[in-house]
Amino acid sequence: MSSISIIEKWQPAPDSPMARMEAKRVEAAEELIRLREVHEATMRKMAAAREIISRTGAYTDPQRLAEAMGLLPALVSIYNAQLTAEERTEKELDQNTKSLDRMDRELEHFENMISSADPTRRADFQKALADARQRI
Numbered sequence: 254m255s256s257i258s259i260i261e262k263w264q265p266a267p268d269s270p271m272a273r274m275e276a277k278r279v280e281a282a283e284e285l286i287r288l289r290e291v292h293e294a295t296m297r298k299m300a301a302a303r304e305i306i307s308r309t310g311a312y313t314d315p316q317r318l319a320e321a322m323g324l325l326p327a328l329v330s331i332y333n334a335q336l337t338a339e340e341r342t343e344k345e346l347d348q349n350t351k352s353l354d355r356m357d358r359e360l361e362h363f364e365n366m367i368s369s370a371d372p373t374r375r376a377d378f379q380k381a382l383a384d385a386r387q388r389i
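Read the sequence shown against the numbering used here and you will find it ends at 389, with the numbers running on by one and no gaps.
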């Protein structure tokens with residue numbers, strides 16, 4: 254079996270930093286999807302609150318306007334918190350993706366070294382690749 258086919262079949266160990274990083278990336282992506290769904294629901298609630306204000310004539314009745322506007326600050330607060338969490342999740346996702354890309358480049362570098370190495374040095378490169386896998 255060639256060293257390249259061994260490398261292609263290799264998967265990081267479940268408890269390795271690379272596997273944990275990938276799990277965090279997936280988790281961040283799922284959280285981002287959830288936050289976007291909550292954001293959309295909040296926007297629908299805000300639209301409904303504006304509709305209530307316009308239908309009830311709250312613009313002409315100060316009492317009704319005050320009651321209807323009482324909904325908006327809470328919704329705006331929720332909306333702002335969601336945006337902050339969404340931005341944080343996107344940053345974490347970007348950082349995890351960059352780390353995984355760096356690890357992939359390192360492995361690709363070793364793969365290239367192994368495939369282009371003369372047979373007498375191939376064992377040295379395979380050992381270096383095994384060391385890199387342990388670190389990952």
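A virtual CB, placed ideally from N, CA and C, is assigned to each residue, including glycine.
Everything numeric in this text was worked out from a predicted model, so none of it was measured.
When DSSP labels each residue in this structure, what does residue i get in the three-state scheme?
{"i": "P372", "result": "helix"}
{"i": "S269", "result": "coil"}
{"i": "M254", "result": "Unreliable placement is indicated for M254, whose pLDDT of 46 sits below 50; no coordinate value is reported for it."}
{"i": "A383", "result": "helix"}
With a cut-off of 8 Å on the beta carbons, I'd call residue i and residue j a contact; round off their distance for me.
{"i": "A281", "j": "N349", "result": "6 Å"}
{"i": "L346", "j": "R287", "result": "L346 to R287, Cβ: 13 Å. No contact."}
{"i": "T337", "j": "E284", "result": "Their Cβ separation, rounded to whole angstroms, is 13 Å, which puts T337 and E284 out of contact at 8 Å."}
{"i": "S352", "j": "M274", "result": "5 Å"}
{"i": "M356", "j": "M271", "result": "5 Å"}
* Asked: Touch check for the stretch 291 to 298 and the stretch 350 to 361: three-plus C-beta pairs under 8 Å?
  -> The stretch 291 to 298 vs the stretch 350 to 361: no contact.
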